[in-house]
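Read left to right, the sequence shown gives residues 68 to 157 (my numbering). No residue lacks a Cβ here, since even glycine has one placed at the ideal position from N, Cα and C.
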Amino acid sequence: AIMDELFDDFIHMDLPAHVRIALACCLNMCGAVHCSDIAILGIHRKAPILDHTRLPNLCEIPTAVASCPTGAIRADMKNKTVQVNDECMY
Numbered sequence: 068a069i070m071d072e073l074f075d076d077f078i079h080m081d082l083p084a085h086v087r088i089a090l091a092c093c094l095n096m097c098g099a100v101h102c103s104d105i106a107i108l109g110i111h112r113k114a115p116i117l118d119h120t121r122l123p124n125l126c127e128i129p130t131a132v133a134s135c136p137t138g139a140i141r142a143d144m145k146n147k148t149v150q151v152n153d154e155c156m157y
C-alpha cells in the first residue's frame, strides 16, 4: 500500500532528489533503515507466514539470516529455508 501511494512520484520523478525509503517489520529495524531518507516502522500483529517452497528462489538464505540483528531468523539448511522465532518480534 505504501508503494501504491508513492508509485507515481517515483515513475514521474516528481521528488526534488533521490529518495531512499525503508520499511522495517519490527522494532529492531534491520531493513537498512539507518541509511534511508524516510524510515517506516510497520508492526505485524503476528509473524508473516513463510512460503517455504518459494523462499529459496526469492532470496539468499544466508543474507536473510544475517539481516536480523536479534537472531530471530535461523537457517534450516536441511530443508533450504528459514525458521522464525515469533516471540522475538515483540
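Check	Outcome
Cα-Cα separation between Ser-103 and Thr-120, rounded to whole angstroms	31 Å
Spatial neighbours of Leu-117 in its chain, beta-carbon cut-off 8 Å, leaving aside the 5 residues before and after	Thr-148, Val-149 and Val-151
Sequence ranges, alpha helix (DSSP H) only - wholly within the stretch 105-152, length at least 4	122-125 and 128-133
Beta bridge counterpart(s) of Leu-90 as assigned by DSSP	Ile-107
Per-residue DSSP class, three states only, for Asp-81	coil
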